[in-house]
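Visitor:
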Amino acid sequence: MTALTISLVLVLLLVVFGLLFRIQILTAIFSGSTNREIGTSNRVNALLMLVFMVVGGALFFYSFVQAYPKMNPPIASIHGHAMEKMFWTTMVVIGIAFVITHILLFVYAYKYQHRDNRRAYFFSHNNKIEVIWTIIPAIVMATLIFAGWKAWTRITGPAPKDAVVLEVMGKQFNWLVRYPGRDLKLGVVNYRLIDASNDFGFDLSDKASMDDFTASEIHVPKGHPVLIKIRSRDVLHAVYMPQFRVQMYAVPGMPTRFWFTPTTTTDEMRAKLGNPAFNYELACNQICGLGHNAMKFIIVVDEPDDYQAWFAAQKPNSQNADLMASFKQMSKQTGLGQGGSQEARKSSINETGESPATMPLSAQSSL
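Using our numbering, you'd call the opening residue of the sequence shown number 126 and step up by one each time.
#1: Could you tell me which residues DSSP pairs with Lys296 in its beta bridges?
#2: Going by C-alpha to C-alpha distance, which of Pro198, Arg147 and Ser132 sits closest to Val371?
#3: Measuring only the C-alpha atoms, how far is Gly181 from Lys286?
#4: Does the region 388-401 come close enough to the region 196-214 that 3 or more CB-CB pairs lie under 8 Å?
#5: Under 8 Å Cβ to Cβ from Met373, same chain only, skipping five residues before and after it: list those, please.
#6: Output the boundary residues of the beta strand (DSSP E) element that contains Ala375.
#7: Determine the extent of the alpha helix (DSSP H) in which Tyr233 is found, giving its start and end residues.
#8: Check whether the Cβ atoms of Met366 and Tyr304 lie closer than 9 Å to each other.
#9: What is the DSSP secondary structure of Arg358, reduced to helix, strand or coil?
#10: Taking 9 Å as the threshold (C-beta atoms), are Val425 and His344 in contact?
#11: Tell me whether Ala288 is buried or exposed, calling it buried when 16 or more other Cβ atoms sit within 10 Å of its Cβ.
#12: Helix, strand or coil for His349? Go by DSSP, reduced to three states.
#13: How about Leu311 and Ser443: do their beta carbons lie closer than 9 Å?
#14: According to the neighbour-count rule (16 or more other Cβ atoms, all chains shown, within 10 Å of its Cβ), is Leu138 buried or exposed?
#15: Check Ala333 in the structure and name its three-state DSSP category.
#16: Rounded to whole angstroms, what's the CA-CA distance from Asn170 to Val141? Just pull it up for me.
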């Protein structure tokens with residue numbers, strides 16, 4: 126906060142000085158002493174360019190050092206290290222270009238300030254320079270893009286067959302999470318069956334939906350791949366899990382996906398940070414309306430045995446009396462689900478884009 130306050134004060138002072146010099150120039154024009162006054166203000170402005178470069182650079186460096194821990198939370202996934210390396214490689218390459226060009230910008234503004242006894246040099250064209258500053262950035266950017274594409278295809282491509290599968294759905298302004306039940310298959314959902322008791326729109330005429338269950342926290346086992354299927358019920362949201370280096374948009378009408386392997390349990394991260402209140406968090410980092418800041422969801426990374434115990438304790442849809450009653454009522458009103466047409470069933474499957482889900486723990490098969 127102190128650095129931000131100092132920066133704002135300095136910017137305001139620069140604005141004030143700029144306005145004062147502008148007033149001075151206008152006064153000089155009306156008084157007939159234009160050349161002398163413009164020469165003075167021109168030299169002062171040229172010097173201020175150097176001052177701004179030094180002061181602004183120092184403040185940037187200070188704010189960067191202060192904010193670095195918040196920008197880089199501990200990594201708790203396997204792919205996170207590769208993503209972090211790629212990010213900082215890109216930042217270093219772009220940062221070097223940024224620093225060099227801006228030093229030249231401010232230094233040239235000072236060095237080539239207006240002087241009455243000097244004429245500007247007209248430099249029309251140079252093929253060699255054009256080729257250099259076109260080809261080199263093109264090669265560098267293509268290399269960075271290719272590396273990013275490789276990393277992106279790994280984490281958004283097919284997940285390992287033993288991955289834990291869960292679905293996250295964003296809506297204004299909270300997250301809904303469901304897991305496949307003992308049959309290890311996510312059942313069919315249909316948005317036309319959504320009501321107050323059936324947030325997901327479960328189609329309980331599909332047997333695979335009967336043992337699905339919703340959760341108030343996301344639980345995943347340490348050391349096993351996790352596939353997150355992502356949907357949105359209304360507007361654009363974003364699934365953001367900073368410690369796992371996971372970010373993926375939740376797009377209305379277009380299912381997306383992301384898989385990762387957690388490496389550190391919640392308890393281990395609490396011990397590492399010395400913070401017993403720490404929790405992994407799923408947050409929406411895409412501004413989606415007035416309640417955007419409320420879109421947070423706790424993630425718990427368990428040891429495999431603890432995850433199995435948590436999974437076994439969950440109650441399937443078939444034990445939710447309100448959900449069952451709601452489904453029957455909505456089915457009668459819409460003609461979907463029980464007694465619904467085969468065409469409607471196919472439509473709901475296509476909308477969901479679901480496929481059979483498997484879990485990584487061999488012991489799950491006995492649950």
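We put the beta carbon where it would ideally sit given N, CA and C, even for glycine. These figures come from a predicted structure and were not determined experimentally.
Guide: So, from the listed chains and residues:
#1: Note: Lys296 sits in a beta bridge opposite Asn299.
#2: Measuring from the Cα of Val371, the nearest candidate turns out to be Pro198.
#3: CA-to-CA, the gap between Gly181 and Lys286 works out to about 52 Å.
#4: Contact between the region 196-214 and the region 388-401 is present, because at least three Cβ pairs lie under 8 Å.
#5: Within its own chain, the residues whose Cβ lies closer than 8 Å to the Cβ of Met373, once the five positions on either side in sequence are excluded, are Thr281, Ile353, Ile355, Ala363, Val364, Thr381, Arg382 and Phe383, listed in chain order.
#6: Per DSSP, Ala375 belongs to the beta strand (DSSP E) from Val371 to Ala375.
#7: Unbroken alpha helix (DSSP H) run through Tyr233: Ile203 to Lys236.
#8: In this structure, Met366 sits away from Tyr304, with a CB-CB distance that is not shorter than 9 Å.
#9: DSSP places Arg358 in coil when its eight states are reduced to three.
#10: Yes, Cβ-Cβ distance for His344 and Val425 is below 9 Å.
#11: When all chains shown are included, Ala288 counts as buried.
#12: It is coil, neither helix nor strand.
#13: Contact annotation: Leu311 and Ser443 have beta-carbon atoms that are not nearer than 9 Å.
#14: Leu138 should be labelled exposed.
#15: Of the three classes helix, strand and coil, the one that applies to Ala333 here is helix, per DSSP.
#16: When the Cα atoms are used, Asn170 and Val141 turn out to be separated by approximately 13 Å.
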